[in-house]
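Worksheet: one structure, shown below.
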Amino acid sequence: MTKKSDSESPHQHNIDQRILDIASKVTGKRAKIVIDHIIKFGFITTEDINRYGYEHPPRAVRDVRESGIPIETSTVTNRDGKKIAEYRFGDPSQIDKGKLGGRSVLPKKLAQDLYKILDGKCSVCNHGYEMRYLQIDHRIPYEIAGEPTGELKQQSYMLLCASCQRKKSWSCEHCKNWTEKTIQSCEGCFWASPENYEHIALEQIRRVDLVFNKNEISIYDKIDKSAKENNIQISQEIKNILKEKMD
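Numbering (the numbering used here), first residue to last: 13 to 259.
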């Protein structure tokens, strides 16, 4: 079935009152935009969310889920024949009461303490940033475990740069555990504990994020030049260098 990527005219929809009651209490701008659009048109697509100025639609939809409202995702075809995602309210019986009210606002001191402990570096790429460029993130995604109970503990959170946060979001949202919601699976994942992990999104993968800066850029340039001469990706060239070194 082909559907239009934009919502042309509002019409009445039978939305369960339980969902409407929660929706009326959501104050986050990004989540509220998605909710209001679905209430008005019955659904929202990735294209619609882009038009509101958000470049990462799944993150906006995630904000709605994190307020406790169930969202169903399906794939539809827009006017140009492109496959896009469409989102609707899900089964009211799936309302997550443990998330009603959404995320708690984390205290600024927690971010400051983490920044000091991590020496101002992103927990994943280990690159240093000014504090304003790093964001607190739950080690175990909020979508999986909700807000940690009891006293706030630094080990429950990490600091991520914008790039690594997008990578983590994409990887987590495409992981089988995103629907199974097993906390133990997340605990052994790279995205929760890059210092000590068993898998990445349940796959046997290992990764290293390298950032070359200042006087290291010349090293990068040499590796990049060699990779181009060998007609391979720079990541493969680095692997070849390491393999030769280890052998």
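Ideal placement from N, C-alpha and C gives every residue a C-beta, glycine not left out.
Residue j and residue i - do their beta-carbons sit closer together than 8 Å?
i	j	result
Pro-153	Cys-184	yes
Val-260	Val-46	Nothing in the structure corresponds to residue 260, since the chain is present only between 13 and 259.
Asp-48	Gly-80	no
Leu-171	Ser-135	yes
Ser-168	His-150	yes
Gln-177	Gln-147	yes
Glu-84	Thr-57	no
Ile-246	Asp-236	yes
Arg-100	Gly-54	yes
Cys-173	Tyr-141	yes
Taking the alpha carbon of residue i as the point to measure from, which residue in the options has its own alpha carbon closest?
i	options	result
Lys-193	Lys-251, Glu-155, Arg-100	Glu-155
Glu-78	Ile-61, Gly-93, Gln-106	Gln-106
Ile-61	Lys-52, Ala-72, Lys-234, Leu-171	Ala-72
Glu-59	Pro-70, Pro-82, Asp-233	Pro-70
Ile-95	Ser-86, Gly-102, Asp-103, Phe-101	At residue 95 the sequence reads Lys, which differs from the Ile that was named. Taking only the C-alpha atoms, the option nearest Lys-95 is Ser-86.
Arg-219	Leu-164, Asn-225, Asn-208, Asn-227	Asn-208
Arg-30	Pro-104, Lys-121, Val-223, Asp-131	Pro-104
Which residues does DSSP pair with residue i in a beta bridge?
i	result
Thr-87	Ala-97
Gln-166	DSSP, once it has assigned bridges, lists no residue as partnering Gln-166.
Lys-226	Note: Lys-226 sits in no beta bridge, so no partner.
Lys-133	Gly-140
- At what residue ranges does the segment 174 to 211 contain a whole run of the alpha helix (DSSP H), taking only runs of 4 or more? 174 to 185, 189 to 192, 195 to 199
- Query: Along the chain, which unbroken stretches of the beta strand (DSSP E) at least 3 residues long are found entirely within the segment 33 to 94?
  - Reply: 83 to 89
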